[in-house]
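Asks:
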Amino acid sequence: MRLNGAQILWECLVREGVDTVFGITGGAVLPIYHELPNYPIRHITMRHEQACAHAADGYARATGKVGVCLATSGPGATNLVTGIATAMMDSSPMVAITGQVATNALGTDAFQEVDITGITMPITKHNYLITDVADLALAVREAFHIASTGHPGPVLIDIAKDAQTAEIEFEYPDYVSLPGYKPHTRGNPRQIKQAADMINTAQRPLIIAGRGVLVAGAQQELCELATKAHIPVSTTLLGKSAIPETHPLCLGMGGMHGEAFANYALQQCDLIFAVGMRFDDRYTSAAGTFAPNAKIVHVDIDPAEIAKRIRVDLPIVGDAKNVLRQLLPLVEERDLADWLGQIDSWRAETRDRDALWQETDEVLPQYVVFNIWEATRGEALMVSDVGQNQMWEAQYYRHVRPGGLISSGGLGTMGFALPAAIGAAAGRPDCQVWVVVGDGGFQMTLQELATVMQERLPIKIAILNNGFLGMVRQWQEMFFQKNYSGSPLLGPDFAKLAEAYGIAAATIESKEGVAAAVKAAYDSDGPMVIDFRIEREHNVFPIVPVGHPIDQMIRRPKQTQP
Numbered sequence: 304m305r306l307n308g309a310q311i312l313w314e315c316l317v318r319e320g321v322d323t324v325f326g327i328t329g330g331a332v333l334p335i336y337h338e339l340p341n342y343p344i345r346h347i348t349m350r351h352e353q354a355c356a357h358a359a360d361g362y363a364r365a366t367g368k369v370g371v372c373l374a375t376s377g378p379g380a381t382n383l384v385t386g387i388a389t390a391m392m393d394s395s396p397m398v399a400i401t402g403q404v405a406t407n408a409l410g411t412d413a414f415q416e417v418d419i420t421g422i423t424m425p426i427t428k429h430n431y432l433i434t435d436v437a438d439l440a441l442a443v444r445e446a447f448h449i450a451s452t453g454h455p456g457p458v459l460i461d462i463a464k465d466a467q468t469a470e471i472e473f474e475y476p477d478y479v480s481l482p483g484y485k486p487h488t489r490g491n492p493r494q495i496k497q498a499a500d501m502i503n504t505a506q507r508p509l510i511i512a513g514r515g516v517l518v519a520g521a522q523q524e525l526c527e528l529a530t531k532a533h534i535p536v537s538t539t540l541l542g543k544s545a546i547p548e549t550h551p552l553c554l555g556m557g558g559m560h561g562e563a564f565a566n567y568a569l570q571q572c573d574l575i576f577a578v579g580m581r582f583d584d585r586y587t588s589a590a591g592t593f594a595p596n597a598k599i600v601h602v603d604i605d606p607a608e609i610a611k612r613i614r615v616d617l618p619i620v621g622d623a624k625n626v627l628r629q630l631l632p633l634v635e636e637r638d639l640a641d642w643l644g645q646i647d648s649w650r651a652e653t654r655d656r657d658a659l660w661q662e663t664d665e666v667l668p669q670y671v672v673f674n675i676w677e678a679t680r681g682e683a684l685m686v687s688d689v690g691q692n693q694m695w696e697a698q699y700y701r702h703v704r705p706g707g708l709i710s711s712g713g714l715g716t717m718g719f720a721l722p723a724a725i726g727a728a729a730g731r732p733d734c735q736v737w738v739v740v741g742d743g744g745f746q747m748t749l750q751e752l753a754t755v756m757q758e759r760l761p762i763k764i765a766i767l768n769n770g771f772l773g774m775v776r777q778w779q780e781m782f783f784q785k786n787y788s789g790s791p792l793l794g795p796d797f798a799k800l801a802e803a804y805g806i807a808a809a810t811i812e813s814k815e816g817v818a819a820a821v822k823a824a825y826d827s828d829g830p831m832v833i834d835f836r837i838e839r840e841h842n843v844f845p846i847v848p849v850g851h852p853i854d855q856m857i858r859r860p861k862q863t864q865p
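Numbering (this note's numbering), first residue to last: 304 to 865.
#1: Could you spell out where the alpha helix (DSSP H) holding Q570 opens and where it closes?
#2: Would DSSP call P378 helix, strand or coil?
#3: Express the C-alpha separation of M694 and T863 in angstroms, rounding to a whole number.
#4: Since L752 and Y700 should fall inside the 8 Å C-beta cutoff, what is the C-beta to C-beta distance between them, to a whole number of angstroms?
#5: Could you pull out every unbroken beta strand (DSSP E) segment of at least 3 residues lying fully inside the segment 341–377, listed in chain order?
#6: Measure the Cβ-Cβ separation of A724 and V736 and say whether it is below 8 Å.
#7: Using 8 Å as the cut-off, can you tell me whether the segment 413–425 makes contact with the segment 732–747, which would need three or more C-beta pairs spanning the two stretches below that distance?
#8: Residue range of the alpha helix (DSSP H) that N625 falls in?
#9: Smallest Cα separation from A785: which of P535, E840, G591 and Y362?
#10: Whose CA, out of R585, G718 and S790, lies closest to the CA of C355?
#11: Candidates G513, A678 and I675: which alpha carbon is nearest K624's?
#12: Threshold first: 4 residues or longer. Then list the alpha helix (DSSP H) segments lying entirely within the segment 752–822, N to C.
#13: Using alpha carbons as the reference points, say which of H851, L633, V398 and M501 lies closest to K368.
#14: So which of Q746, A729 and T748 has the shortest CA-CA distance to L760?
#15: Are the segment 605–613 and the segment 575–584 in contact at 8 Å, needing three or more beta carbon pairs?
#16: Please state whether the Cβ-Cβ distance between I766 and I833 is less than 8 Å.
#17: Are the beta-carbon atoms of A463 and L509 separated by less than 8 Å?
#18: Counting pairs of Cβ atoms below 8 Å between the segment 370–377 and the segment 332–342, do you hit three or more?
#19: Grouping DSSP H, G and I as helix and E and B as strand, with all else coil, what is N491?
#20: Kindly examine the ligand FAD and report whether one of its heavy atoms sits closer than 7 Å to the Cβ of A678.
#21: When we look at the beta-carbon of K763 and count the other beta-carbons within 10 Å, is it buried (16 or more) or exposed?
#22: Among the candidates E472, G370 and I344, whose CA atom is the shortest distance from the CA of G308?
#23: If I measure Cβ to Cβ from T423 and keep anything under 7 Å in the same chain, skipping five residues before and after, which residues do I get?
#24: Between A405 and D465, is the Cβ-Cβ spacing less than 8 Å?
#25: Is N768 buried or exposed, if buried means 16 or more other CB atoms sit within 10 Å of its CB?
#26: Compute the beta-carbon to beta-carbon distance between A440 and P476, rounded to the nearest angstrom, for a pair I have assumed lies under 8 Å.
#27: For S588, I'd like the list of residues in its chain whose CB is within less than 8 Å of its CB, leaving aside the five on either flank, ordered along the chain.
#28: Along the alpha helix (DSSP H) that carries V317, what are the first and last residues, could you check?
#29: Please name the residue, chosen from H337, G713, Q310 and I344, that lies closest to F325 on a Cα-to-Cα basis.
#30: From I619, P632, S451 and R493, pick the residue whose C-alpha is nearest to that of E527; which is it?
#31: Considering just the uninterrupted stretch of the beta strand (DSSP E) at G555, what are its terminal residues?
#32: Exposed or buried, what is S268 when buried is set at 16 or more other beta-carbons lying within 10 Å of its beta-carbon?
#33: What are the residues that DSSP puts in a beta bridge with G284?
#34: Could you give the residue range of the alpha helix (DSSP H) that holds F745?
#35: Give me the Cβ distance between S711 and T389, rounded to the nearest whole Å; I'm assuming they're in contact under 8 Å.
#36: Could you give the DSSP three-state label for P508: helix, strand or coil?
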């Protein structure tokens, strides 16, 4: 059949299984939007292109499918950049589609022309500039393949306006052949046998699970390995829920703001089996001080991630699920009672958390998160923003649902949470979606409340409002002589603002109101915004100062509390 470029694009998206696109129209994509009503794809109109990219990212993380965002040329395209970089850093599969000026105007500084393929080259797995409609179908087919396989990530397709209107006989490519792109998914048998031998002889082994476990769907295999060999598991921020956080072998998150006992275990272990994580600086602190007594086995599907920051004794390139399945029969059942007993003694020193909020009448952020966890029983799809709120969510919400936390880890993008939650809620209407966000991050994308109402998405939004850029203020307090330069914030009455959008809202200024507000949101069929006025100068603990070993933490002044 003969189709124009815009029709070909939608036809290809339908055949790739796309059911939702997050976008904002504009001059350079008008031909594409003209054809949209003829295709069975839900279009969610966001209020800013950055939010389009974050929503596509949230959709991808919640569903495991490729998220798709669409924007016009020039500022529409450049507004996607932060969201694309966020997806790249966190291995989220996304296809970003942008319009471009007509081919004969390229390079002339035409109205709303920008070299978006040049701009995004460092932050995409691959990108395309389509000036000939004959190249479009294959580019879309390849883009989805590249975005979703190997180490997932974003791909951008920039389509010149004349390529959107030109016609050609349409043929959907049956397969993709990319000779230079062949992800290696199965581990080397010799290396896997060596890893099993190292696990079987270690006296203080420890597993670190990252987002790669969730991407590969390897949670069951990870739990089987940990249970069979009695190996404790620490996770990265984005690896949370790779093992249920109620599991007795789960140590929770390690690193800069991780569990104190997890950090002690990391520094005292004699073997680290790291799977689907990249040893980023927030987890390891100074590379030369990390796990000084441990041999390290590193499993990752991307060979570029192995030994990028940390020395590795045994590299294994492969998909986490495949590697764990290959490894499991070779691992022996172990009795590591002494090692687990040592960890339990460290854990006992730091677990008395309830006392923290029993000793004050202030609205403490930990108490808010704890109440959300109690109400949802750890089964909610949580979307956290960046800063103190992100760490409090990670510390006090015990994730049971696999993939139950969506957050910006690598790039640390403030304003991520609300639009990402829109994508998550659109992709997973069967899940209750909660947002945990600070007043600073919320004000960066709060215009998307209009999208929440327009699409009738029952998202619950908990604002931890302290009137500061909280993590910045904490660093200023602890390391910059309390010089609160640039961190105080004046915000609106968030409840009134939400109500202006037609969203139910509440303002909570006392501890007694926390549980009731959380229950009201949990029971509601619609969206709700809760403005929790938390203690203004409350800090996240523990914290590892930059450059210090991760077991040299600054702890909460009362040592019995984390």
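Cβ atoms here follow ideal geometry from the backbone N, Cα and C, with glycine treated the same way.
Replies: For this structure:
#1: A563 to Q571
#2: helix
#3: Caution is warranted here: a pLDDT of 43 is assigned to T863, below 50, making its placement in the model unreliable, and the coordinate value is therefore given only provisionally. If I take the Cα positions, the gap works out to 19 Å.
#4: About 23 Å separates the two Cβ atoms, so there is no contact after all.
#5: 345–348 and 370–374
#6: yes
#7: no
#8: A623 to L630
#9: Looking at the sequence itself, residue 785 is Lys, so the reference to Ala does not match. The option with the nearest alpha carbon to K785 is E840.
#10: G718
#11: G513
#12: 752–757, 773–782 and 797–803
#13: V398
#14: A729
#15: yes
#16: yes
#17: no
#18: yes
#19: coil
#20: This structure lacks the ligand FAD; in fact it carries no ligand of any kind.
#21: buried
#22: E472
#23: V384, I387, N430 and L459
#24: yes
#25: buried
#26: 6 Å
#27: G558, M559, V847, V849, G850, H851, P852 and I853
#28: G308 to R318
#29: I344
#30: P632
#31: C553 to M556
#32: The first residue shown for the chain is 304 and the last is 865, placing residue 268 beyond what the model contains.
#33: Residue 284 lies beyond the residue range present for the chain, which begins at 304 and ends at 865; the question has no answer from this structure.
#34: D742 to T748
#35: 5 Å
#36: strand
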